[in-house]
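Q: Submitted below is the structure of interest, expressed as structure tokens.
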Amino acid sequence: MTARNDNNAAPRRPGRPRGKAAGTANREQLMDIALQLFARHGIAHISLNAIAKEAGVTPAMLHYYFTSRDALVDRLLEERFMPLRNRISTVFSRHPDDPVTAFTLMVQVLAELAEQHAWFAPLWMQEMIGEMPVLRQHMHARFGDEKYHQMLSTVARWQQAGKLNPGLAPELLITTLISLVLVPFSRIRSDERLHAVAPETIVRHALALMRQGLAG
1 MTARNDNNAA PRRPGRPRGK AAGTANREQL MDIALQLFAR HGIAHISLNA
51 IAKEAGVTPA MLHYYFTSRD ALVDRLLEER FMPLRNRIST VFSRHPDDPV
101 TAFTLMVQVL AELAEQHAWF APLWMQEMIG EMPVLRQHMH ARFGDEKYHQ
151 MLSTVARWQQ AGKLNPGLAP ELLITTLISL VLVPFSRIRS DERLHAVAPE
201 TIVRHALALM RQGLAG
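Quick note on full-length UniProt numbering: the sequence shown kicks off at 1 and runs consecutively.
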């Protein structure tokens, strides 16, 4: 029997755990844990070492999958956050002449995403309106503001066509509607006063404010 010659074997990548393949499952689990910590504390306050400690793995294993926190954020942005953002944006492209339908569906989609992904609403609170918006900075660097400006142009066009209240500020409208949904979702797990609030109640409340305001 010929002895095995390991001299030609591919060198082990630094940090890769011996005896374990670089499986997708491990990578996905680490991304899940990172999202949980980022949503809880904000990206700026969480290091790779903190994620490794929470996951019960060595920093070397985490560095095998993600060479830096910035690299991890970029992967989360592309694989987890952008698909959700694109789904929201698609609502407007499918209803270019019907703002009421577009915004109603946006509220419903936001609620659905927040219910499906526990990290989504609190991460938005931490990163989109926080003082150290690491995710927003990465998003701007990778994708720019084209979709944001397209949305503003759509709102302005609706106003000019008499389909939307001209007193609304386009640059505030999207943030306001998102806040109506994601602020409650970000609090229902941590604020005992909101534990009994159901997701459908959040949607109904947001749509009532959007359509009828306070006058009833």
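No residue lacks a Cβ here, since even glycine has one placed at the ideal position from N, Cα and C. Remember, predicted model here, so these are calculated numbers, not experimental data.
Within the continuous alpha helix (DSSP H) that includes residue 96, where are the two ends?
A: The sequence position of residue 96 within the sequence shown is 96, counting from 1. Residue 96 -> no alpha helix (DSSP H), and no H or E assigned at all.
Q: Kindly indicate which residue of 49, 71, 117, 137 has the alpha-carbon position closest to the one of residue 232.
A: The structure shown does not extend to residue 232, since the chain is modelled only from 1 to 216, so the question has no answer here.
Q: Would you decide whether residue 45 is buried or exposed? Buried here means 16 or more other CB atoms lie within 10 Å of its CB.
A: For the purposes of this step, residue 45 is taken as residue 45 along the sequence shown, with counting starting at 1. Exposed, by the Cβ-count rule.
Q: Is residue 135 closer than 7 Å to residue 146 when the C-beta atoms are compared?
A: If you number the sequence shown from 1, residue 146 lands on position 146. If you number the sequence shown from 1, residue 135 lands on position 135. No, Cβ-Cβ distance for residue 146 and residue 135 is not below 7 Å.
Q: Going by beta carbon distance, what residues of the same chain come within less than 6 Å of residue 22, once the five residues before and after it are set aside?
A: Translated into positions along the sequence shown, residue 22 becomes position 22. Because the pLDDT of residue 22 is 42, which lies under 50, any placement of that residue in the model is unreliable, and the question is left without a value.
Q: For residue 104, which of 214, 215, 209 has the nearest alpha-carbon?
A: Looking up residue 104 in the sequence shown gives position 104. Nearest option by C-alpha distance: 209.
Q: Residues in its own chain within less than 8 Å of residue 156 by CB, not counting five upstream and five downstream?
A: Walking along the sequence shown from the start, residue 156 turns up at place 156. Correct list, in chain order: 170.
Q: Answer with buried or exposed for residue 138, where buried requires no fewer than 16 other C-beta atoms within 10 angstroms of its C-beta.
A: As a position in the sequence shown, residue 138 is number 138, starting the count at 1. It counts as buried.
Q: Run the CB neighbour count on residue 30, radius 10 Å, all protein chains shown included, and call it buried at 16 or more, exposed below.
A: For the purposes of this step, residue 30 is taken as the residue at position 30 of the sequence shown. Flag for residue 30 reads buried.
Q: So, do the segment 92-102 and the segment 149-168 have three or more beta carbon pairs nearer to each other than 8 Å?
A: Contact between the segment 92-102 and the segment 149-168 is present, because at least three Cβ pairs lie under 8 Å.
Q: Considering only their Cβ atoms, is the gap separating residue 202 from residue 60 smaller than 7 Å?
A: Taking the sequence shown and counting its residues from 1, one reaches residue 60 at position 60. Taking the sequence shown and counting its residues from 1, one reaches residue 202 at position 202. No, the pair does not count as a contact, with Cβ atoms beyond the cut-off.
Q: Per DSSP, what kind of secondary structure is residue 68 in: helix, strand or coil?
A: Residue 68 sits at position 68 when you count from the first residue of the sequence shown. Note: residue 68 maps to coil in three-state DSSP.
Q: Would residue 107 and residue 88 qualify as a contact pair, given that the criterion is a beta-carbon distance under 7 Å?
A: Numbered from 1 along the sequence shown, position 107 holds the residue referred to as residue 107. Numbered from 1 along the sequence shown, position 88 holds the residue referred to as residue 88. No. Outside cutoff.
Q: Round the Cβ separation of residue 177 and residue 120 to the nearest angstrom and send it over; I've been treating them as touching at under 8 Å.
A: Position 177 of the sequence shown, counting from 1, holds the residue named residue 177. Position 120 of the sequence shown, counting from 1, holds the residue named residue 120. About 15 Å; that fails the 8 Å criterion.
Q: Quick check on the DSSP output: what are the complete alpha helix (DSSP H) runs of length 4 or more inside the segment 127-188, in order along the chain?
A: Runs of the alpha helix (DSSP H) inside the segment 127-188: 134-143, 146-160, 170-187.
Q: Would you tell me roughly how many angstroms separate the C-alpha atoms of residue 24 and residue 167, rounded to the nearest one?
A: Within the sequence shown, numbered from 1, the residue matching residue 24 stands at position 24. Within the sequence shown, numbered from 1, the residue matching residue 167 stands at position 167. With a pLDDT of 44 at residue 24, under the threshold of 50, the modelled position of this residue cannot be trusted, and the question is left open.
Q: May I have the straight-line CA-CA distance separating residue 34 from residue 215, to the nearest angstrom?
A: Taking the first residue of the sequence shown as 1, we reach residue 34 at position 34. Taking the first residue of the sequence shown as 1, we reach residue 215 at position 215. The straight-line gap from Cα to Cα measures roughly 43 Å.
Q: On the three-state DSSP scale, how would you describe residue 119?
A: Here residue 119 is taken as the residue at index 119 of the sequence shown, counted from 1. The answer is coil: DSSP assigns residue 119 none of H, G, I, E or B.
Q: How many whole angstroms separate the CB atoms of residue 47 and residue 122, which I take to be in contact at a CB cut-off of 8 Å?
A: The count along the sequence shown starts at 1 and reaches residue 47 at position 47. The count along the sequence shown starts at 1 and reaches residue 122 at position 122. Contact doesn't hold; Cβ gap of about 19 Å is too wide.
Q: Measure how close the beta-carbons of residue 151 and residue 92 come, nearest whole angstrom, since I'm counting them as under 8 Å.
A: By one-based count along the sequence shown, residue 151 stands at place 151. By one-based count along the sequence shown, residue 92 stands at place 92. That belief holds up - the Cβ atoms of residue 151 and residue 92 are roughly 6 Å apart, short of 8 Å.
Q: Quick check: what's the CA-CA separation for residue 41 versus residue 182?
A: Indexing the sequence shown from 1 puts residue 41 at position 41. Indexing the sequence shown from 1 puts residue 182 at position 182. When rounded, the distance between both Cα atoms is 17 Å.
Q: Does the Cβ-Cβ distance between residue 173 and residue 206 come in under 7 Å?
A: On the sequence shown, residue 173 is found 173 positions in, with the first residue counted as 1. On the sequence shown, residue 206 is found 206 positions in, with the first residue counted as 1. No, the pair does not count as a contact, with Cβ atoms beyond the cut-off.
Q: Helix, strand or coil for residue 212? Go by DSSP, reduced to three states.
A: Within the sequence shown, numbered from 1, the residue matching residue 212 stands at position 212. Looking at residue 212 - three-state DSSP - the assignment turns out to be coil, as it is neither helix nor strand.
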